[in-house]
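In the working numbering, the protein residues as written are 1133 to 1339. Quick reminder that beta carbons are idealized off the backbone N, C-alpha and C, glycines included. Take a look at the structure below.
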C-alpha cells in the first residue's frame, strides 16, 4: 500500500454503480472520481489511510505537557513499532545521534482499537530528554495505517459515485423537481460521508 492511495478500486466503484464490467466507456472518469473522492476524504479527516511502505525519517518539535510533567511529541499516524527509533538533535546541528530510549506511544489503547498512535510521551527516565528545539526530534518509522478501514472504503464509494453523477448535473442539481427527487450536489463532502468519517477526523495539532 502506498501513502495516500485510492480507497477503493475502479472495479469496486463500477460494481457499486451497477456498471457492467465490460462497459469501459467511462473507465477514465470512474478512476478520476475514485482518486478525487479519496483526496476529499483526506482533506476532511486531516489524515490519509495508506502508509509509507518502508521506514523513513520525519521530524517534529517536542512540547512540554504541564499536566503530565513530561515532554510530548505529536507525530503522524503510526500503527507499527517495527523499526521504530526516536532521536534528538542535542547540539542543534541537524544530526540526531542522541537516542530517546524510554517513551510511551499514545493513545495507549490505540492498537487494540485498530487506531494509530499519534503522540509520543517521553519518560523522565530516558537517557536523553528532548527540548523545544524546532524539528529537533527525529522519528524513524513506517508511518500510516496498516490497512484502509472498511468505513473509509465505503465512504469513498459513496463520495465517488456522487462525483460521477455530478458530470450529468452541470448546475449542481440532480433528480427531478416535478417528481420531488431533486437534490443539490453541494461542493463539499456528502453529508452521509461526512458522518461516516467523523470519528476518523484528526484534531489539529500545532506545528
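Check, Outcome
"Segments assigned beta strand (DSSP E), at least 3 residues, entirely inside the stretch 1232 to 1282", "1235 to 1238, 1249 to 1254 and 1269 to 1273"
"C-alpha gap between residue 1190 and residue 1271, whole angstroms", "5 Å"
"Counted within 10 angstroms of its Cβ, other Cβ atoms place residue 1328 as buried (16 or more) or exposed", "buried"
"Residue 1259 to residue 1185 span [Cα, whole Å]", "30 Å"
"Whole-Å CB distance - residue 1290 paired with residue 1324, under 8 Å assumed", "6 Å"
"Sequence-distant residues of its chain with Cβ nearer than 7 Å to residue 1172 (five each side left out)", "1291 and 1321"
"Exposed unless 16 or more other CB atoms sit within 10 angstroms - verdict on residue 1230", "buried"
"Span separating the alpha-carbon of residue 1198 from that of residue 1163", "48 Å"
"Start and end residues, alpha helix (DSSP H) containing residue 1329", "1323 to 1329"
"Test: residue 1210 CB closer than 8 Å to a CB of chain B", "Absence of chain B from the displayed structure is noted, only one protein chain being present."
"Extent of the continuous beta strand (DSSP E) run through residue 1162", "Run containing residue 1162: none in the beta strand (DSSP E); it sits in the alpha helix (DSSP H), 1159 to 1177."
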